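In this note's numbering, the protein residues as written are 14 to 220.
Working notes for the structure below.
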């Protein structure tokens, strides 16, 4: 049980590392929370820094989740039920969304969720990403792509024949993504949500 609590703490603290905030501070001196959508995530960082750095932030958010789940796997006993690993994976997303380093502000958890899915359900990640990319290309709304792919996650896990715990946590991950996009949903309904523009490379302010 002590190992499990340690894993929970490690997962949360890794998730809580705010790469969007750090990168924006280092490169511009600005606080990402005070610009664009105010979200501490890759898309908003990209608005300030351009596609290249926005992509780097997304990659780092994915990698911290992969690292957290890998550490959990190495520290948790194989005899423990799978849901212990899923709980640990949840905490890296919780850490990203509500970072102790930013007074419990944070991002929307999409890239971090991608890292969790990639590690636990590799085929599920591929399907998730394809759905996200198709919606993005058709709509040019990053938020809509994230919401729809997130909503599809439980169905993806169901059709991949995940067990009941996999399905429950897929539902939790989906709900977290959708709830964190509440303001985006309102803007989408009001037709005031920002679209991305092509090409993305070397652009600032419109990712």
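Here a beta-carbon is modelled for each residue, glycine too, at the ideal position from N, C-alpha and C.
Only a predicted model underlies this, so the values are computations on that prediction, with no experimental measurement involved.
Straight-line CA distance for residue i to residue j?
i	j	result
residue 75	residue 186	15 Å
residue 130	residue 204	31 Å
residue 173	residue 95	16 Å
residue 114	residue 193	18 Å
residue 35	residue 62	12 Å
residue 23	residue 176	26 Å
residue 31	residue 109	7 Å
residue 258	residue 161	Only positions 14 to 220 of the chain appear in this structure, which leaves residue 258 out of reach.
residue 214	residue 88	Low per-residue confidence applies at residue 214: pLDDT is 49, beneath 50, and the placement is therefore not dependable, though the value from the model is reported in the following sentence. Their Cα atoms are separated by approximately 40 Å.
residue 169	residue 179	11 Å
residue 218	residue 85	Here the model assigns residue 218 a pLDDT of 47, short of 50, so the residue's position is not dependable and the matter cannot be decided.
residue 223	residue 158	Outside the shown range of the chain, which is 14 to 220, sits residue 223, and nothing can be said about it.
residue 167	residue 190	12 Å
residue 140	residue 154	19 Å
residue 27	residue 73	11 Å
residue 143	residue 164	14 Å
residue 47	residue 39	15 Å
residue 42	residue 71	20 Å
residue 195	residue 122	13 Å
residue 202	residue 79	34 Å
Which one or two residues does DSSP pair with residue i in a beta bridge?
i	result
residue 118	112
If I'm right that residue i touches residue j with Cβ under 8 Å, what's the distance once you round it to whole angstroms?
i	j	result
residue 120	residue 49	12 Å between Cβ atoms; not a contact.
residue 117	residue 111	4 Å
residue 125	residue 106	5 Å
residue 199	residue 101	With 8 Å as the limit, residue 199 and residue 101 do not qualify as a contact, their Cβ atoms being about 33 Å apart.
residue 45	residue 37	4 Å
residue 128	residue 65	20 Å between Cβ atoms; not a contact.
residue 97	residue 17	6 Å
residue 59	residue 67	2 Å
Starting from residue i, trace the alpha helix (DSSP H) both ways and give me its first and last residue.
i	result
residue 14	Here residue 14 belongs to no alpha helix (DSSP H), and DSSP marks it neither H nor E.
residue 67	64-88
residue 50	No alpha helix (DSSP H) contains residue 50, which DSSP labels as neither H nor E.
residue 124	123-133
residue 167	155-172
residue 30	Counting along the chain, residue 30 falls outside any alpha helix (DSSP H), and DSSP gives it neither H nor E.
residue 200	195-203
Quick one: grab the DSSP three-state call for residue i.
i	result
residue 179	helix
residue 219	Confidence is the limiting factor: at residue 219 the pLDDT is only 43, short of 50, which leaves the residue's position unreliable, though a coordinate-based value still follows. Looking at residue 219 - three-state DSSP - the assignment turns out to be coil, as it is neither helix nor strand.
residue 187	helix
residue 137	helix
residue 214	The predicted position of residue 214 is uncertain, since its pLDDT is 49 and thus under 50; no value can be drawn from it.
residue 102	helix
residue 94	coil
residue 281	This structure leaves residue 281 out entirely; the chain is present only between 14 and 220.
residue 209	coil
Output yes if chain C places a C-beta closer than 8 Å to the C-beta of residue i; else output no.
i	result
residue 114	Reference to chain C is not applicable here, since this structure consists of a single protein chain.
Can you determine whether any heavy atom of the ligand GDP sits closer than 7 Å to the C-beta of residue i, and answer yes or no?
i	result
residue 120	The model depicted lacks the ligand GDP and carries no ligand whatsoever.
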